[in-house]
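Colleague:
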Amino acid sequence: RRGGGLRAAGLPPAPAPLGAWRPSPPSSSSSSSCCCCFFSSLLDVNSWLLFYGFLYLALYAQVSQSKSCDKISCFSGHCVNSTCVCDQGWVGDQCQHCQGRFKLTEPSGYLTDGPINYKYKTKCTWLIEGYPNAILRLRFNHFATECSWDHMYVYDGDSIYAPLIAVFSGLIVPEVRGNETVPEVVTTSGYALLHFFSDAAYNLTGFNIFYSINSCPNNCSEHGKCTTSVSIPSRVYCECDKYWKGEACDIPYCKANCGSPDHGYCDLTGEKLCVCNDSWQGPDCSLNVPSTESYWILPNVKPFSPSVGRASHKAVLHGKFMWVIGGYAFNYSSFQMVLKKTSTCMEAKLKQIMAMLLMSCGFSTYTVKHGVPELLQYLYMANNMLWKVIQHTL
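Sequential numbering from 1 applies to the sequence shown in UniProt numbering.
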């Protein structure tokens, strides 16, 4: 019965278990009988090995046939004789990995590394061709690479010799509207070259980037309409709705409508900002009076106009703006109290420095003329005197 079923199927009989084989009793022909029995067992084992080999090949062919490609499973290619033939720049059994160069000429579109994790040692390059001096915008909808090892380089031009304007590596967290922190990458040459490189150690889900030529930033954030410029017909800009401002119409004039009507209201007739009720303060009228929380303000101070005196604060001059953090205000103090006990020479110096505080370029002018050490010395002395006045007043 052990070999009958197999013989009926045209297969060799099953060999006896190797552990059941025993040498024959000693006799005159014991040596030759033992050899014949041993070689017979080896032949049976080889027959079974051949059988299992053919069975494995048959099952593998059947499984491969069941996973053959069709028009849907080839990501960037087409199916020919149950095999994916990849488009230029794509590799993989389903053409699912980028590995080459691409040229994009449509007014808008997407570029991606593929539907799954990118490959090790990937090198992919995309050239987006617009027209000279056109605005080209790149929006990173998804980006996840090994931080500090796998990078995306963006050039404002059609080669690596063009200005490098951005390098991305790591994660870009998905955002919600109204809280977007990842800006669009903008090129002004009408072209953009993107090059992605990964090392051989680790890989992630890759990226999905949307590009558009001569379009408004972020589609005006759905708070305005895209309009053609009158001065430059080839350019477009956002014409924002009533309560919004900014290049992409993404900055509200009055955040949260100033907490209207309990906290304040939005004044769109003048400076277009929040006017808070007596018990509220802050740019959006969300802080109590008084409040232990700090907030940023951008006062509209005209040149040479009276300003609030400040002391013990930090100030940073950046471009046309001076950002002031902290400090003390003396709204109800006599300004002359600060200078009462100073000499005539010292009083003149302090008046000069105080006057320069009203001008954004005053520090630069004083520094060039007198030097940094002298400026710091007089500022230090002025600060000490102001602090003594505070202690005396308290």
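Backbone N, C-alpha and C define an ideal beta-carbon position, used for all residues, glycine too.
May I have the straight-line CA-CA distance separating E222 from T83, to the nearest angstrom?
Modeller: Straight-line Cα distance between these residues: approximately 45 Å.
Colleague: To the nearest angstrom, how far is the alpha carbon of F207 from that of T188?
Modeller: Near 23 Å, if we compare the C-alpha coordinates of T188 and F207.
Colleague: Give me the Cα-Cα distance between Y118 and D150, rounded to the nearest whole angstrom.
Modeller: Taking the straight line joining both Cα atoms gives about 10 Å.
Colleague: Cβ of V185 within 8 Å of Cβ of V154?
Modeller: Yes, Cβ-Cβ distance for V185 and V154 is below 8 Å.
Colleague: Is it right to say P261 is buried, meaning 16 or more other beta carbons lie within 10 angstroms of its own, or is it exposed?
Modeller: Result: exposed.
Colleague: Taking C-alpha atoms, which residue in A311, H318, G319, F321 lies nearest to G327?
Modeller: When only C-alpha atoms are compared, the closest one is A311.
Colleague: Indicate the three-state DSSP secondary structure (helix, strand or coil) for P217 in the structure shown.
Modeller: Residue state, collapsed to three classes: helix.
Colleague: Is N257 near C249, with beta carbons less than 8 Å apart?
Modeller: For N257 and C249, no; Cβs fall outside 8 Å.
Colleague: What are the residues that DSSP puts in a beta bridge with L268?
Modeller: DSSP lists no partner for L268.
Colleague: Name the residue from T145, K103, S234 whose alpha carbon lies nearest to the alpha carbon of residue 448.
Modeller: Lying outside 1 to 394, the shown extent of the chain, residue 448 is not represented and no answer is given.
Colleague: Can you tell which of T125, L268, V80, G224 has the C-alpha that lies nearest to the C-alpha of F102?
Modeller: The shortest Cα separation from F102 among T125, L268, V80, G224 belongs to T125.
Colleague: Straight-line CA distance for C254 to D278?
Modeller: Cα-Cα distance, rounded: 18 Å.
Colleague: Output the distance between the C-alpha atoms of S169 and H97, rounded to the nearest integer angstrom.
Modeller: Approximately 19 Å, taken between the alpha carbons.
Colleague: When burial is assigned at 16 or more other CB atoms within 10 Å of the CB, is C240 buried or exposed?
Modeller: So C240 ends up on the buried side.
Colleague: Among F75, V230, L273, F196, which one has its Cα closest to the Cα of V167?
Modeller: Of F75, V230, L273, F196, the residue nearest in Cα terms is F196.
Colleague: Taking the C-alpha atoms as reference points, what is the distance between Q65 and G190?
Modeller: Note on Q65: pLDDT 42, under 50, position unreliable in the model; the coordinate value appears next. If I take the Cα positions, the gap works out to 47 Å.
Colleague: Using 10 angstroms around the beta-carbon of Y110, count the other beta-carbons present and answer buried if the total reaches 16, otherwise exposed.
Modeller: By the 10 Å Cβ count, Y110 comes out exposed.
Colleague: With a threshold of 6 Å on Cβ separation, who are the neighbours of A192 within its own chain once the five nearest residues in sequence on each side are excluded?
Modeller: Result list for A192: I128, L136, in chain order.
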